[in-house]
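Numbering (this note's numbering), first residue to last: -15 to 707.
The beta carbon of each residue, even a glycine, is placed where N, CA and C say it ideally should be.
Following: one structure in structure tokens, then a few remarks.
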């Protein structure tokens, strides 16, 4: 089927292109008619803090929604005028969906005021979502700024809606990718093909994500992650197909036959490589948070779109390009009527594989030491979703955080809300709880309990002595819940909710890992008819991902590379990163595993020589995998320049992982272990061989006659002239 698809697309390129133009039009029309706007769903079923939030929503009009902090500061140290602050609170109270505005809290010297704005809708409501609510707050602060005062915004709403993607880093990554493609192919036409294919698939995938947003809550960060992954794998898939097509052209095959063979071989690898990515992405649903489901679905739609684009548009465009895909020196030699003499020296990757195979044990041990050393900091990783302190000092969110810390203490950035169920706890016990909290080490202030209008709850605020990201804050919350507060009392708010998220995601990590690894191993077992190869691939992928976690921990949590990444102080790793990064990276690493092992198995089927098949497989794929990895690293590093710390960490961590996977793993660990195992690489028990469906990852040489005999343009005889 894949041979027919590639051959037919190359034979009728304009039909294929026309079909894709029609599909793009349909996708855009569907997005316009049925699409929605991405919005986050921060409810966390099962989190203990969520119970307090639900109680507030049920009994207090306007509570349980979004909130924002407004900080006004006189840089000259003068005391702020009460009349000006009253005017500010009136303007804030007049904003849409404002439930209440707190009385201005003056600092000890009176030159700073802190005002809390509570909304009666969540941050995801369209009336305040994104920059809409932030722009409304900015307008309310205009008179203060006009008077020369410093006015900054912090809290939940500005943190989720105040940072737009710049896109400059991504564009730089695309430019670097184009340069690398030109160097890899030696042809501008061949270099432009993978990029054009990836962008086309990305466009269709983006329209699909928009339609998805019309049917469910899709995180505001999900389209960015989908774009990051889609662009990387799209270029990879197209690069692999174009490379294989050029190989067949160089052997003297007519362009349609070359396209058919490329899709029948490399295209099959692309299909199953994308399947491993999809399996990994579906594991995100097991994380238990709606936001992860949206990440998985959005990225899966994009990966499917770029895969379909690659296996259909690549042969069509290759058919149009013809011999222009060949390097200029080859075309000149053919035009002159003679071929280029094949170099007597083997490719560098072949020589490297042979060298590793001669001494596989030292090479494997060296690679293992490098990966384990890089992974060691992972043991000290501490996660936290994010807060104002993780932002750049160029943002109003960070400036507000620093002002609050300086004037009121770090804990004022993350107060704890204590919700008391009056049907369980009496008024006297509530006052005693407030007194115990006030005397508790680690708490610097407690407000007077307030009763809700329906008399069901009592609510008070407790201010920690530490910032939200401080480990002591999480310990304080756990202590209050376990040892201080009785039944019927809940600690809630943004900081306790984030603490619960960190604990939940840490516990769910192994469930996601088990699901993704298990299904991926099963899929690879069916593809390669081996037990050893899939298990070894899973272990190696886990090693490279663990090393990436370690580098991420050292760079951000220890602050070793903070300056290079735009972070001016050490910050915890975002709680969203480990599971999301694992699911994406495991699939992407399996891409390279499929690409490499497909060629190794093809050589093994043809020769039966275990060591020689590794050398030839690495020789055939080493250049394309290195080029693809370099391109993907460039794309991911582009995203690491964004202001959003989650996107920054994800881009940096994935770039590190792909770099390690394409070098230490693919060039050292894989050939070394395969050389040591020899024929055992392809061992599969007979009973399991009979039980599993047979799905070949590559077309073996003895099937070419059958493929060429299919209806369609006959394949000309191969030229015997070396090219």
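Outcome for residue i when other beta-carbon atoms lying within 10 angstroms are tallied against a minimum of 16
i           : result
residue 626 : buried
residue 672 : exposed
residue 18  : exposed
residue 632 : buried
residue 13  : exposed
residue 434 : exposed
residue 163 : exposed
residue -15 : exposed
residue 453 : buried
residue 26  : buried
residue 432 : exposed
residue 511 : buried
residue 561 : buried
residue 682 : For residue 682, the pLDDT reaches just 49, beneath the cut-off of 50, and the residue's location in the model is therefore unreliable, leaving the point undetermined.
residue 201 : buried
residue 87  : exposed
residue 388 : buried
residue 278 : buried
For residue i, the first and last residue of its enclosing beta strand (DSSP E)
i           : result
residue 448 : 441 to 448
residue 51  : 51 to 57
residue 468 : Counting along the chain, residue 468 falls outside any beta strand (DSSP E), and DSSP gives it neither H nor E.
residue 235 : Taken as a continuous stretch (DSSP letters only), residue 235 belongs to no beta strand (DSSP E), as it is neither H nor E.
Cβ-Cβ separation, residue j to residue i (assumed contact under 8 Å), whole Å
i           : j           : result
residue 195 : residue 125 : In fact, because the Cβ distance is near 37 Å, the residues do not count as touching under 8 Å.
residue 624 : residue 646 : Contact flag wrong, Cβ pair sits at about 18 Å.
residue 332 : residue 4   : About 37 Å; that fails the 8 Å criterion.
residue 533 : residue 650 : No, residue 533 and residue 650 are not in contact; Cβ-Cβ is about 19 Å, not under 8 Å.
residue 643 : residue 605 : No, residue 643 and residue 605 are not in contact; Cβ-Cβ is about 17 Å, not under 8 Å.
residue 139 : residue 475 : Residue 139 to residue 475, Cβ: 18 Å. No contact.
residue 141 : residue 52  : 4 Å
residue 465 : residue 668 : 52 Å between Cβ atoms; not a contact.
For residue i: DSSP bridge partner residues
i           : result
residue 434 : 443
residue 122 : According to DSSP, which records beta bridges pairwise, residue 122 is partnered with nothing at all.
residue 427 : 448
residue 136 : 55
residue 474 : 403
residue 367 : 557
residue 84  : 102
residue 97  : 56, 90
Own chain residues within Cβ distance below 8 Å of residue i, not counting five before or after
i           : result
residue 285 : 189, 192, 193, 196, 210
residue 309 : 169, 171, 173, 174, 177, 226, 229, 230, 233, 302
residue 529 : 565, 566, 569, 570, 573, 641
residue 31  : 481, 484, 485, 488
residue 596 : 587
residue 328 : Note on residue 328: pLDDT 46, under 50, position unreliable in the model; the coordinate value appears next. Once the five neighbours on either side are set aside, residue 328 has no close Cβ partner at all.
residue 563 : 268, 271, 276, 489, 492, 493, 496
residue 398 : 371, 448, 451, 452, 457, 477, 478, 479
residue 656 : 340, 341, 344, 345, 347, 348, 351
residue 108 : 23, 24, 25, 26, 201
residue 406 : 414, 435, 439, 440, 441, 442
Same chain, Cβ closer than 6 Å to residue i, five either side skipped, listed in chain order
i           : result
residue 495 : 270
residue 98  : 55, 89
residue 85  : 73, 76, 77, 101
residue 370 : 558, 629
residue 617 : 639, 642, 643
Chain-order list of residues whose beta-carbon lies under 7 Å from that of residue i (same chain, five-residue window excluded)
i           : result
residue 409 : 470, 472, 473
residue 215 : 182, 186, 619
residue 243 : -10, -9, -7, -6, 229, 299, 302, 303
Any C-beta of chain B under 8 Å from that of residue i
i           : result
residue 566 : This model lacks chain B altogether, as it is built from one protein chain only.
Residue range of the unbroken alpha helix (DSSP H) whose run includes residue i
i           : result
residue 68  : 66 to 77
residue 459 : 455 to 463
residue 279 : 274 to 305
residue 43  : 32 to 43
residue 188 : 172 to 197
residue 633 : 629 to 644
residue 391 : 380 to 392
residue 516 : 516 to 536
residue 336 : 332 to 342
residue 657 : 654 to 661
residue 616 : 594 to 623
residue 18  : -3 to 18
residue 673 : 670 to 675
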